[in-house]
Each structure stands twice: as structure tokens, then as C-alpha cells.
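Let me begin by presenting the structure, written as C-alpha cells, before commenting on it.
Protein chains: 2
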Amino acid sequence: MTDFKLDERLEADTHLVCELENCSLRLLDDTRWPWLVLVPRIAGAEEWHVLTKGQRIMIDDEVARVASALKEMTGCQKINIASIGNMVRQLHIHVVARNEGDANWPGPVWGFGTREPYDVDSATTFIESFKSAFS
Amino acid sequence: MTDFKLDERLEADTHLVCELENCSLRLLDDTRWPWLVLVPRIAGAEEWHVLTKGQRIMIDDEVARVASALKEMTGCQKINIASIGNMVRQLHIHVVARNEGDANWPGPVWGFGTREPYDVDSATTFIESFKSAFS
Numbered sequence: 020m021t022d023f024k025l026d027e028r029l030e031a032d033t034h035l036v037c038e039l040e041n042c043s044l045r046l047l048d049d050t051r052w053p054w055l056v057l058v059p060r061i062a063g064a065e066e067w068h069v070l071t072k073g074q075r076i077m078i079d080d081e082v083a084r085v086a087s088a089l090k091e092m093t094g095c096q097k098i099n100i101a102s103i104g105n106m107v108r109q110l111h112i113h114v115v116a117r118n119e120g121d122a123n124w125p126g127p128v129w130g131f132g133t134r135e136p137y138d139v140d141s142a143t144t145f146i147e148s149f150k151s152a153f154s
Numbered sequence: 020m021t022d023f024k025l026d027e028r029l030e031a032d033t034h035l036v037c038e039l040e041n042c043s044l045r046l047l048d049d050t051r052w053p054w055l056v057l058v059p060r061i062a063g064a065e066e067w068h069v070l071t072k073g074q075r076i077m078i079d080d081e082v083a084r085v086a087s088a089l090k091e092m093t094g095c096q097k098i099n100i101a102s103i104g105n106m107v108r109q110l111h112i113h114v115v116a117r118n119e120g121d122a123n124w125p126g127p128v129w130g131f132g133t134r135e136p137y138d139v140d141s142a143t144t145f146i147e148s149f150k151s152a153f154s
């Protein structure tokens with residue numbers, strides 16, 4: 020794992036929440052939806068299905084824990100989980116809280132409109148609130 | 020699992036490929052992308068993160084095997100995997116083969132345009148070709 024380096028676009032578009040055992044957990048810088056991204060620290064990984072079974076189990080545990088906490092924190096109606104990577108190939112898993120009437124509901128969050136960034140205070144507030152639910 | 024019944028919309032929008040140990044594997048009836056859907060036969064399941072760890076491991080094994088075979092069959096550039104469920108709440112996992120220049124690339128397949136159904140022969144051909152890669 021020594022060669023892992025976070026993709027520059029992922030770094031630019033997100034705020035670090037915390038480092039989990041296997042993934043860098045990041046807040047997507049878009050206030051339209053509560054949107055977290057897990058980036059496994061595995062150099063060169065692009066596709067979920069080429070990970071080893073052990074890697075998938077460990078990373079999926081983190082995905083499920085993050086999804087549970089995001090659901091608890093937001094009280095959202097639906098969690099969306101996805102590994103897409105058409106634009107940024109470095110493997111990353113989206114976990115998004117969705118509600119009826121949110122931007123583009125019931126359509127997907129990806130590729131819709133323009134990001135609406137957090138200001139520093141509101142990103143910090145989100146992250147602290149998420150960490151409370153996560154712990 | 021005795022109470023599981025496939026959602027009517029999923030049934031109407033897909034062709035059965037085969038029954039796996041844990042999931043019904045189905046071809047989405049849209050020729051724009053090679054697009055498979057796994058529906059875990061778990062009554063009432065809606066969210067990935069509320070499954071037990073054992074359920075997630077078994078189902079994810081099937082997802083990864085399906086993704087590998089779809090990649091092998093199509094030679095696609097990217098696999099997209101997602102559990103969304105904003106419209107159909109019954110838990111289902113999308114596995115889609117994507118290529119530069121396909122419909123809505125690099126945007127998502129969900130919510131884009133209108134389905135272009137298979138004719139019976141071409142659906143059968145796809146399914147047989149997939150099964151060869153899967154076995």
C-alpha cells in the first residue's frame with residue numbers, strides 16, 4: 020500500500036472526514052446532498068470485482084458502517100451506494116443520503132447540475148455531526 | 020425467505036438470466052448498455068447496510084462474479100456497480116458495462132432517456148453469451 024496516492028480530482032472535490040482502517044473517508048464538497056466517499060488505500064485499484072475477497076469484506080464493512088451512520092445522522096429516506104468511476108478511475112465508493120424532493124430526486128446524484136460547495140464552517144459542522152453518529 | 024416476491028416493476032423491466040444461490044440475476048431490458056441486476060431473495064430487504072455481514076459477504080460474492088463475467092463477455096472499459104433504489108425500494112444491485120461514447124457517457128445510466136428493449140432473440144443471445152462467460 021506504500022504507493023497509494025489519492026487522485027488529485029478526488030482530493031480537490033472532497034474534505035477529509037477521517038482515515039478508516041482501509042479507506043480514506045471523505046465528504047464530497049456539495050451541499051445539495053449529504054454525500055460521503057470511501058477511497059480504499061490500495062494502489063492501482065480501479066474495479067471492485069478485482070479486489071480479493073478479503074479486501075472486499077473489509078472495505079464493505081466500512082461502507083456499511085458509514086451508510087448506517089449517515090442514515091442515523093440524516094434520517095434520510097434512502098441510501099444510495101455506488102462504485103462508478105467513469106471520470107475518476109481510482110476506486111472509490113459513494114454513499115449518499117437521499118430524500119424525496121432533493122435535487123434530481125429520484126434520479127441519480129452523479130452528473131447532475133453543478134456542485135454547491137460547503138463553506139468551511141458548514142463542512143466542519145457536517146463532519147463533526149457525522150463523526151458523532153459514526154462512533 | 021418464503022415471503023420473498025420479486026417487485027412487479029423489476030419483473031416487468033428485466034429478463035431472468037438465472038437464479039443464483041442468493042440472488043435472482045436479471046438482464047435489464049435496455050439494449051443501450053449491457054446491464055444486469057441482482058435481486059437478493061430476502062423478503063423486505065431495502066438497504067444494503069441493514070443486511071447481516073454474512074448476507075453481505077454472500078451477495079457481494081455473487082456481485083463480483085457477475086461483474087467479472089460481464090467484463091469478460093463485453094470487454095468494457097468500466098464496470099459500474101450500484102444499489103440505489105429510489106424508485107423501486109426492493110433491494111437490487113446494478114452491474115453495468117460502460118464504454119467511452121456509450122449513451123450518456125461518462126454520466127450514469129440511471130434516469131437517462133428511454134429504455135430501448137431487446138427483441139426476444141437478442142435477449143436470448145445476450146443471456147447465453149453471458150452464461151458462457153459466467154460458468
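As you go down the protein sequences, you meet chains A and B in turn. So the first sequence is residues 20 to 154, counted in the working numbering. So the second sequence is residues 20 to 154, counted in the working numbering. We put the CB at the ideal spot given by N, CA and C, even for glycine. Source: prediction; values computed, not measured.
How would you list, in chain order, the residues of chain A whose beta-carbon sits under 7 Å from the beta-carbon of residue i?
i       : result
B/Glu66 : Ile98
B/Asn41 : Ordered by position in chain A, no residue passes the 7 Å Cβ test against B/Asn41, which lies about 15 Å from the chain.
B/Trp54 : Those do not exist, as B/Trp54 stays about 13 Å from chain A at its closest Cβ, beyond 7 Å.
With a CB to CB cut of under 8 Å and the five nearest residues on each side skipped, what residues in its chain are close to residue i?
i        : result
A/Ala88  : Phe149, Ala152, Phe153
B/Met106 : Arg28
B/Arg84  : Phe153
A/Glu81  : Leu39, Glu40, Asn41, Cys42, Leu44, Leu57
B/Met20  : Note that B/Met20 scores a pLDDT of 49, beneath 50, so its modelled location is shaky; the value from the coordinates is reported in the next line. Once the five neighbours on either side are set aside, the close Cβ partners of B/Met20 are Arg60, Ile61, Ala62.
A/Ser141 : Thr50
B/Asp22  : Ala62, Gly63
B/Glu91  : Ala152
B/Met77  : Glu40, Asn41
If residue i sits next to residue j, beta carbons under 8 Å apart, how far is it from one beta carbon to the other, in whole angstroms?
i        : j       : result
A/Ile103 : A/Ala86 : Actually they are not in contact, since the Cβ atoms of A/Ile103 and A/Ala86 sit about 16 Å apart, beyond 8 Å.
For residue i, I'd like the list of residues in its chain whose CB is within less than 7 Å of its CB, leaving aside the five on either flank, ordered along the chain.
i        : result
A/Trp129 : Ile103
B/Glu119 : Gln96
I'd like to know whether the C-beta of residue i is nearer than 7 Å to at least one C-beta of chain C.
i        : result
A/Gly132 : Of the protein chains in this structure, namely A and B, none is chain C.
Report all residues from its chain with a CB closer than 6 Å to the CB of residue i; omit the five preceding and five following residues, and keep chain order.
i        : result
B/Asp32  : Asp48
A/Gly132 : none
A/Arg108 : Glu65
Would you mind reading off the limits of the beta strand (DSSP E) that contains residue i?
i        : result
B/Ile98  : 97-102
A/Arg117 : 112-117
B/Leu29  : Taken as a continuous stretch (DSSP letters only), B/Leu29 belongs to no beta strand (DSSP E), being part of the alpha helix (DSSP H) at 27-32.
Can you name the residues of chain B whose CB is closer than 9 Å to the CB of residue i?
i        : result
A/Ser102 : Ile98, Asn99, Ile100, Ala101
A/Pro59  : The contacting residues do not exist; A/Pro59 stays about 14 Å from chain B at best.
A/Asp48  : Here the premise fails: no neighbours, minimum Cβ distance about 19 Å.
A/Asp79  : Trp67, Lys72, Arg75, Ile76, Asp79
If I follow the unbroken alpha helix (DSSP H) through residue i, where does it start and stop?
i        : result
B/Val139 : 139-153
B/Ala86  : 72-93
B/Leu47  : First-last for B/Leu47: 42-47, but that is the beta strand (DSSP E), not the alpha helix (DSSP H).
B/Leu39  : Element bounds for B/Leu39: n/a, residue is neither H nor E.
Residue i versus chain B: which residues are under 7 Å apart at the beta carbon?
i        : result
A/Pro125 : Asn105, Met106
A/Ile76  : Ile76
Next item on the list: Please list the residues of the stretch 110-125 of chain B that have a C-beta atom closer than 7 Å to any C-beta atom in chain A, keeping them in chain order.
Entry: Arg117, Trp124, Pro125
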